[in-house]
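See structure below.
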Amino acid sequence: MEISSKTKEERLRTLSKAFSPSSPIKKTDFFFGRIEQLSNVCDAINEQGQHAILFGERGVGKTSLANKMTESFTNLFPVIVTCNRKDTFNNIWTQALGKVQYSKTTKGIGFKPTDIEQFVNLGAYIDPKSKNLQSDIINLLNNYKKYTFLFIFDEFDNIINERTREDFADLIKSFSDNVTNSTIVLVGIADDIETLIGNHQSLERCLKQVKMPRMSKKECEEIIDNGLTLLDIKISPKVKEKIIEFASGFPHYVHLLCKYGAQEIIENNKYEFSQGYLNIAIKKGIDNTNEQLKASYRKAIVGTKKWQDIIFACTQSPIDNYNCINKMDIIKNYNIISSSNVSGGTISYNLKQFCSADRGNVLTKIGSGINTRYRFTNPMMRAFVKLKINSN
Numbered sequence: 062m063e064i065s066s067k068t069k070e071e072r073l074r075t076l077s078k079a080f081s082p083s084s085p086i087k088k089t090d091f092f093f094g095r096i097e098q099l100s101n102v103c104d105a106i107n108e109q110g111q112h113a114i115l116f117g118e119r120g121v122g123k124t125s126l127a128n129k130m131t132e133s134f135t136n137l138f139p140v141i142v143t144c145n146r147k148d149t150f151n152n153i154w155t156q157a158l159g160k161v162q163y164s165k166t167t168k169g170i171g172f173k174p175t176d177i178e179q180f181v182n183l184g185a186y187i188d189p190k191s192k193n194l195q196s197d198i199i200n201l202l203n204n205y206k207k208y209t210f211l212f213i214f215d216e217f218d219n220i221i222n223e224r225t226r227e228d229f230a231d232l233i234k235s236f237s238d239n240v241t242n243s244t245i246v247l248v249g250i251a252d253d254i255e256t257l258i259g260n261h262q263s264l265e266r267c268l269k270q271v272k273m274p275r276m277s278k279k280e281c282e283e284i285i286d287n288g289l290t291l292l293d294i295k296i297s298p299k300v301k302e303k304i305i306e307f308a309s310g311f312p313h314y315v316h317l318l319c320k321y322g323a324q325e326i327i328e329n330n331k332y333e334f335s336q337g338y339l340n341i342a343i344k345k346g347i348d349n350t351n352e353q354l355k356a357s358y359r360k361a362i363v364g365t366k367k368w369q370d371i372i373f374a375c376t377q378s379p380i381d382n383y384n385c386i387n388k389m390d391i392i393k394n395y396n397i398i399s400s401s402n403v404s405g406g407t408i409s410y411n412l413k414q415f416c417s418a419d420r421g422n423v424l425t426k427i428g429s430g431i432n433t434r435y436r437f438t439n440p441m442m443r444a445f446v447k448l449k450i451n452s453n
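Here is the structure:
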């Protein structure tokens with residue numbers, strides 16, 4: 062095949078940008094997919110009085126999309142703030158407004174006056190201890206109507222103070238009615254918006270709900286194809302299919318496998334992503350997976366092989382629209398994996414234990430009786446277990 066004109070060092074430098082499993086994608090040039098979600102947020106920005114809330118499972122790429130928003134939307138001033146557990150409404154907005162910085166030039170006074178350049182920081186115009194901070198924010202932004210602002214609050218699920226969440230809900234309602242030049246986007250881990258911001262029915266008309274699902278096959282292919290093209294690496298359809306299957310819709314695992322496979326390929330001055338390099342990527346990917354995830358898995362499978370086989374069966378079972386697994390599907394796949402012919406009662410105890418701390422809380426039980434479903438507590442466990450299956 063055609064040899065790359067890039068040196069090994071150039072390819073390795075590009076690798077760290079093309080595939081980034083450890084941190085969110087920050088540059089638009091290396092972000093792929095999620096067009097529908099980005100378009101929905103864009104609709105909210107373009108509609109006066111509309112704001113947005115972006116929610117979904119852990120690891121589906123919400124923060125990467127938030128970063129893309131700051132570069133993709135033109136003619137506005139984007140601000141992104143990452144929330145933490147100790148944040149209050151006042152200090153979050155002090156941070157946000159403090160990031161709105163620009164310089165302005167005014168004419169000097171007197172004989173042969175010189176222009177004076179003044180540095181402006183909007184955070185300096187509010188009192189962080191104000192008891193009327195919501196009104197202060199609205200009044201301040203209305204003084205800058207010639208500008209358009211986008212305020213993104215990432216990891217909003219970290220906020221545990223109910224008063225802070227209520228203040229945000231109240232501010233969004235006030236923005237909708239009184240501020241025409243600013244859009245608020247909340248981003249966080251949740252199954253629904255009530256989990257993030259509470260039950261505020263009055264927000265329904267002004268808060269566009271944008272759910273971030275797991276990545277589609279097409280979106281995963283886009284990450285693989287674009288990233289490997291930048292590295293002058295070819296990949297067979299069969300190996301690509303395996304990467305997508307292992308990743309289970311999580312961009313983290315697409316990036317993880319591509320990074321370690323491509324790294325080995327480049328180090329060996331090769332240009333083809335073969336099954337052999339995928340095997341290396343799987344082993345390195347497992348070694349570089351989050352320690353908490355690995356610890357939960359070890360707790361889950363300690364003891365007889367039955368524990369491991371049941372977890373394997375869970376990963377082989379289809380998931381519904383709520384990412385839950387039917388118990389009957391688990392039994393069916395367990396019988397295939399273990400060459401058994403057991404009924405539900407035989408593994409009910411094991412499934413119950415998987416929902417306990419002793420077994421790493423790897424599963425969460427949903428519903429009861431014939432409606433019983435199970436879901437991986439950490440959704441990324443499904444992809445990790447698939448890698449473990451294929452590393453043996």
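If you count by my numbering, then the sequence shown holds residues 62 to 453, one letter each, in order.
Even glycine gets a Cβ: it sits at the ideal position worked out from N, Cα and C.
Rounded to the nearest angstrom, how far is the Cβ of residue i from that of residue j, given a contact under 8 angstroms?
| i | j | result |
| --- | --- | --- |
| I347 | V315 | Between V315 and I347 the Cβ distance is about 15 angstroms, and since that is not below 8 angstroms, they are no contact. |
| I372 | V403 | Not quite, the Cβ-Cβ distance comes to about 16 angstroms (not below 8 angstroms), so this is no contact. |
| I233 | I245 | 6 angstroms |
| A444 | S309 | 4 angstroms |
| Q111 | K269 | 6 angstroms |
Going by beta-carbon coordinates alone, are residue i and residue j separated by less than 8 angstroms?
| i | j | result |
| --- | --- | --- |
| A361 | F415 | yes |
| V248 | L115 | yes |
| K367 | N396 | no |
| T143 | D238 | no |
| P312 | G430 | no |
| R146 | I221 | yes |
| I199 | P139 | no |
| L137 | F210 | yes |
| Q162 | L126 | no |
| G288 | C267 | no |
| K279 | G117 | no |
Around the C-beta of residue i, are 16 or more other C-beta atoms found within 10 angstroms, so that it is buried, or is it exposed?
| i | result |
| --- | --- |
| M389 | exposed |
| Y383 | exposed |
| Q109 | exposed |
| K132 | In the sequence under discussion, the amino acid at residue 132 is Glu, which differs from the Lys named in the question. Exposed, because fewer than 16 other Cβ atoms sit within 10 Å of the Cβ of E132. |
| N432 | exposed |
| S81 | buried |
| Y358 | buried |
| A418 | exposed |
| N260 | exposed |
| D148 | buried |
Reducing DSSP to helix, strand and coil, say where residue i ends up.
| i | result |
| --- | --- |
| T438 | coil |
| E70 | helix |
| A251 | coil |
| K447 | helix |
| H112 | strand |
| N193 | coil |
| E333 | strand |
| V161 | coil |
| F212 | strand |
| M130 | helix |
| G322 | helix |
| K207 | coil |
Any alpha helix (DSSP H) of 4 or more consecutive residues that is wholly inside the stretch 365-402: 366-377 and 388-399
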